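Q: Sharing a structure, written as structure tokens. Questions coming.
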Amino acid sequence: MYKKIISFCCNDLSYTSFRFFVKMKIIVVLSLLCFQVQVRAGAQTVNLELKNVSLKELFTQLSIQTGYNFLYEEKDIGDARLSLVSFKNSDLRNVLEKCFSDQALTYRIEKNTVIIKRKAVNLQPVQKKTITGKIVDDKGEPLIGAAVKVKGSSKGGLTDLNGNFKIDASNGDILVFTYIGFIQQEIKVGESSSLTVTLQQDAAKLNEVVVVGYGTALKSDLTTSISSISQADIMKTPITSLEQALQGNAAGVLVTNTSGEPGGDVSIRIRGGSSIKADNEPLLVIDGFTSDEGFSSLNPADIESIEVLKDAGATAIFGSRGANGVIMVTTKAGAKGKPKVRFESYYGLQYLRRKLPLLNASELAQLANEAREAVGSSPNTLRPDTIPTNRDWQDLLFRRGAPQLNNTLTISGGDDKLKYYVSANYIDQQGLIVSSYFTRASLRGNLDFNLNKSISTGIRINLSEYNKRGVEVGDNGSILRANAANPYKSGLIDPSGSFMIDPETGDPIGTTELAKAQETIDKNKNIGILTNAYLKINIMKGLSFRSSGTYNPTYKLADFYFPNTIKGDKVSRASEQMKQAVKWSNDNVLTYNKSSKIHSYGLTLGQEITGSMGNDFKAEGSDYATDIFGYYNLGSGNAMPAISSSATKYSLLSFFGRATYNYSNRYLFAFTYRADGSSKFGENNRWGYFPSASFAWRASNEAFIKKLNLFYDLKFRATYGVNGSDRISAYSSQALYSSIATAIGGIGTGTVISRMANKDLRWEKTAETDLGIDVAFLKGRLSLTGDYYLKNTTDLLLDFALPAASGYTTVAKNIGSVRNEGYELGITSNNLIKKFKWTTSFNAAINRNKVTDLGGPSEISAISNSSANTKFGNVVLIRVGEPLGVFYGHRVAGVFQTQAEVDAGAKIPGVTTLPGFFRYVDTDNSGDITDADKVIIGNPQPKWNGGMTNTFSYKNIDLSVFTVFQQGNDILNTSGTMLLNMSGDNNQLAIVRDRWRAPNPETGDPGNPSNTIPRAYKGYTALMSDFYIEDGSYFRVKTVTLGYSLDKKLLSRMKIANLRFYVSGTNLLTATSYYGGYDPEVSIQGKKSVGAGMDNGSYPTTKMYTFGLNANF
């Protein structure tokens, strides 16, 4: 071809012309080629819309659209990203110029390749200097172990024991200061070489480490619902038990002080009660080990933090024991540094919060006269206007200024090898009733050893002994009976201090109730040792193994003696009961964590085995000739002693795991699974399986949310999981043998099967869904947490009635279901943060409880109550469609005013009805008032509850105001069967002053047409009705504490680090409409869910004034 071209050209042109022509063509072609390259690089259009894109991904997209190759070294671009790339019909050069404007990169184009390199740096000699300083909190206290580093480098260090630091940096460098629980601060290095850095507490506490099942996690990484209570929250109120510290401090946790008795029961419900027969109390985990002894053995001053695990995502890893929620308690540990000594002490005086309003002697005598006249009997011989005595039995029963003392001494410290924390505590709380008291002595030692860089071990030992003396409550209790005592009688005491005995009756003169309260012995002793130890091995980076075990022996002794001098009929009684138990456990956990800038993984695998064994022995006697021996010689009574004993043993084997994944600190996933095998359940259902899954989207880390410049944190959570409850006796699934007496062939005893076995008995299961949100504003100064949950509990453990032909009455079966649905809200606000500081913490919760199935019947009677003059019958009911343990009775529609109304109205069969009697609602229109007319008359469960704390501080002065509230719950005041019986035989509540009275034409008394209080009538028959239901709502100023810390400069001369004095008032104000009892926060049934809200002469809650001090050396 080349030859042909030459030949063709040579025919028409000279050689010289040809050479010129060829040169021009070459120049033109090369020019066009160069122009094409330039035009191609500039004319290729780019259309992109990318968010949070890496440079690598950007180059890939540009290469696809333009056809150019991109050449660079990995180290030059690293993990650099662009928050937003948006171009439309833009040329490549323009795109590259804008994308590299804030990058230390440059580029050049050669042919179809874009070559990228780092910009040349003009190195200048940098003058280094040493920066020294101190990091403190907003109170001026040094922060030990706070981190300081040069931003963008690996240079850094930690503060020492005095909060001091030292670091090399250059002018213009940025120093970053961080500490867990505080807001990060950045300072640019200037001319000064000395800094004092004050870090502010992070109200949102995103970097706070919280304890979860078998591990820990950052609060910011949580995907589940967990409430944290700090040591400061625990110690803001003088308390004897940690249960009291939970009240009002965590949304969704309902805490009820069921009795004001020293060491009395405290009921805890997390998101409502789910079980009818089994226990509804949450699982308590102390330093990673489950405890069945409650909080009574713990000294509140030893507690570092409490975490309340509420939803199934958090509790499912505890499997069969997590359905009622889990409370994780972490005790204090030693820290590196010189020994620190802390002494805490307070002394308080307790007073009766309010006295019951009762009739005086004259008023009671008048009512008694009316009651007797109504039935045709002669009135009292005493005239109301001439009664010389008006005895206030409450003043005699309750003392003023019952003392309470609490002392704690702790020593802590350590070095790189050993850290220690040792504490001793003694508390002495005397009760309002002279004979009652609660004392506890405890000793704790927490030791942690670092054997080397890879191996650490530690031990926790808590020894405790508490002694408690109580008084009987209820129908025959001293409190109810003393209030019912006639005020015109005298309680007389002889010079020796003994009650004077009436020679005719043999009873103490005036009333037996004071003697009963003061001389009856009802003592309990509990000795426990909780020991747990661990060994941790760091196998490699991110991989660790931890093995731990616990050993918890307990010994309990209960002594009772009722002297024969209290009653003249020689009904003295005595008993002694001894319980010994040992619980042990071992768990082995393998944990792996790996993190990069974008991905974080976590994996936990574990195995646990738990065992328990115990025995119980009890002996009883009665009718003793003398009180000399008390309960020390049970066999000396005239009656045959009764002896019983038992032994129990159970074991639990578990396997569990948890997997977590965190993508770019925005998308968080967690999965847990546990398998439990328990000896408590039938052999066909030994194993239960409990999974959970949870997800959280931390939207505040999204670029489009950051642009709003509104949220400090914004996270959405979703959880679903299943857990269970094994709170039943060790042998519920098995057949039981009992001994019986027989007269066949002579009197003897035999053994029979008293209960039928159920090999299919299995766990109660609770499936729960939780949707939550965590929001924080203003750099964490304002934070909010909200949750919605739905809990469905199935396979309830109930006693199923059997036909009589079976030879058994009931068998334990899995039947029935309960639902809990609710909302929770928590708000924390740092209102003022300068010299005058003000923080507010508020929480509230709504829970709706409903029985959805009872396995056949529509209702079950839970509690009955009847006496000679009452026809109460079933007073607490479990009914499908209603909350657990509702109150059941008649509706009252006023009082019959005339005989005509009585004749026209429905009446109680067999009871003479008169004007002035209650008019009960005839629900079924039968004409008679019977059980068929009974309806739901009250609900003991509150519609909502919560608490609020306001804390103020200025210089050395601090003030804390803590309030709690509860709304919408009802109280069944069964003490009204005595204090509102209208018989005149005993004292009455003062509201009976407004009782119905018939007009008396002879005396000119117009009477009183009351439509709320019935007439006085000897032997009046009452039915359980809404007359005994009262509103249990209340708002209470739980604690007000004012403290003053002495000047540190003054204290330093005395070698004292800190000294604070404070005064505190507890239960100072209670706003409530509850009239018939001492306190609306009450439950005569103790911790039981069924029967909650009943008051029948309960031990009163006290009001206390306290003076205390905290000293650090």
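Per the numbering used here, the very first residue in the sequence shown carries number 687; after that it's consecutive.
We treat Cβ as the ideally placed atom computed from N, Cα and C, and that holds for glycine.
Since we're looking at a predicted model, the values are computed, not measured.
List in chain order: all unbroken beta strand (DSSP E) runs of 3+ residues lying wholly within the segment 1492-1541.
A: 1496-1500, 1503-1519 and 1522-1539
Q: With 16 as the cutoff for other CB atoms within 10 Å, does G1783 come out buried or exposed?
A: buried
Q: Can you list, in chain order, the residues of its chain whose CB lies under 7 Å from that of F1315, leaving out five sequence neighbours each side?
A: S1322
Q: With a threshold of 16 other CB atoms inside 10 Å of the CB of M1780, please say whether the residue is buried or exposed.
A: buried
Q: Grab the span of the beta strand (DSSP E) containing D1208 for me, first residue to last.
A: Taken as a continuous stretch (DSSP letters only), the beta strand (DSSP E) holding D1208 covers I1207 to M1226.
Q: How would you write the range of the beta strand (DSSP E) that V897 sits in, first residue to last?
A: V895 to V898
Q: Measure the C-alpha to C-alpha separation of K805 and L1518 and round it to an integer number of angstroms.
A: 48 Å
Q: Does the contact criterion of 3 or more C-beta pairs under 8 Å hold for the segment 1531-1543 versus the segment 1621-1630?
A: yes
Q: Which word fits N1796, buried or exposed, when buried means at least 16 other C-beta atoms lie within 10 angstroms of its C-beta?
A: buried
Q: Is the Cβ-Cβ distance between G950 and Y1760 less than 8 Å?
A: no
Q: Can we count V1678 as close to the ligand FMN, meaning its CB is less than 7 Å from some heavy atom?
A: Judged by which ligands are present, the structure shown has none, so any question about the ligand FMN falls away.
Q: Check whether the segment 789-805 touches the segment 823-831, counting contact only when three or more Cβ pairs, one atom from each stretch, lie closer than 8 Å.
A: Cβ pair count under 8 Å is below three, so no.
Q: Which residues in the same chain have their Cβ closer than 6 Å to the Cβ of V1768, if we skip the five residues on either side of it in sequence?
A: D1781 and S1784
Q: So which of G1654, N1753 and S1696 has the shortest CA-CA distance to D1717?
A: G1654
Q: Quick one: Cα of E1306 to Cα of I1329, how far?
A: Near 6 Å, if we compare the C-alpha coordinates of I1329 and E1306.
Q: Considering M1664, what are the terminal residues of the alpha helix (DSSP H) in which it resides?
A: G1662 to L1665
Q: Is the separation between the beta-carbon of S1378 and that of Y1406 shorter than 8 Å?
A: Taking 8 Å as the Cβ cut-off, S1378 and Y1406 qualify as a contacting pair.
Q: Just to check my reading of the structure: I869 and K1465 have Cβ atoms closer than 8 Å, yes? What is that Cβ distance to the nearest angstrom?
A: 6 Å
Q: Strictly by DSSP, which residues pair up with F1004?
A: As computed with DSSP, F1004 is found in no beta bridge at all.
Q: Alpha carbon to alpha carbon, how far is L1042 from Y1764?
A: 6 Å
Q: Thinking C-alpha only, which one of N1172, G1117, F1135 and I1147 is nearest R1155?
A: G1117
Q: Taking Cβ to Cβ, would you say F1582 is nearer than 8 Å to G1591?
A: yes
Q: Determine, using beta carbons only, whether P986 and A931 come nearer to each other than 8 Å.
A: yes
Q: Would you list the residues sitting across from K874 in a DSSP beta bridge?
A: I860
Q: With distance defined between alpha-carbon atoms, name the residue in F1793, N850 and K1026 nearest to L1750.
A: Here residue 1750 turns out to be Ser, not Leu, going by the sequence shown. The shortest C-alpha separation from S1750 is found at F1793.
Q: Check whether the Cβ atoms of P1173 and N1046 lie closer than 8 Å to each other.
A: yes
Q: Bridge partners for D1302 per DSSP, in chain order?
A: Its beta-bridge partners are K1265 and S1332.
Q: Once you ignore the five residues that flank L1243 on each side, which residues in its own chain have a CB closer than 6 Å to its CB?
A: Residues of the same chain with a CB within less than 6 Å of the CB of L1243, apart from the 5 flanking positions on each side, are K1211 and M1264 in chain order.
Q: In this structure, what does DSSP give as the bridge partners for P1239?
A: V1268
Q: Under 8 Å between the Cβ atoms of S1419 and L1394?
A: Contact: no.
Q: Whole angstroms are fine: how far does the CA of S1006 sit from the CA of S740?
A: 47 Å
Q: What do you get for T1635, buried or exposed, if any count of 16 or more other CB atoms within 10 angstroms of its CB means buried?
A: Its Cβ being crowded by 16 or more others within 10 Å, T1635 is buried.
Q: I believe G1374 touches F1342 by the beta-carbon criterion, under 8 Å. Please report the beta-carbon distance rounded to the nearest angstrom.
A: Contact annotation, G1374 with F1342: C-beta distance approximately 12 Å; criterion of less than 8 Å not satisfied.
Q: Rounded to a whole number of angstroms, what is the C-alpha to C-alpha distance between I1701 and G1662?
A: It is worth fixing the name first, because residue 1701 is Arg in this sequence and not Ile. Straight-line Cα distance between these residues: approximately 15 Å.
Q: How would you label F676, buried or exposed, when you count the other beta carbons within 10 angstroms and need 16 or more for buried?
A: Residue 676 lies beyond the range of the chain shown here (687 to 1799); nothing can be said about it.
Q: State yes or no: is the C-beta of K1335 within less than 8 Å of the C-beta of R957?
A: no
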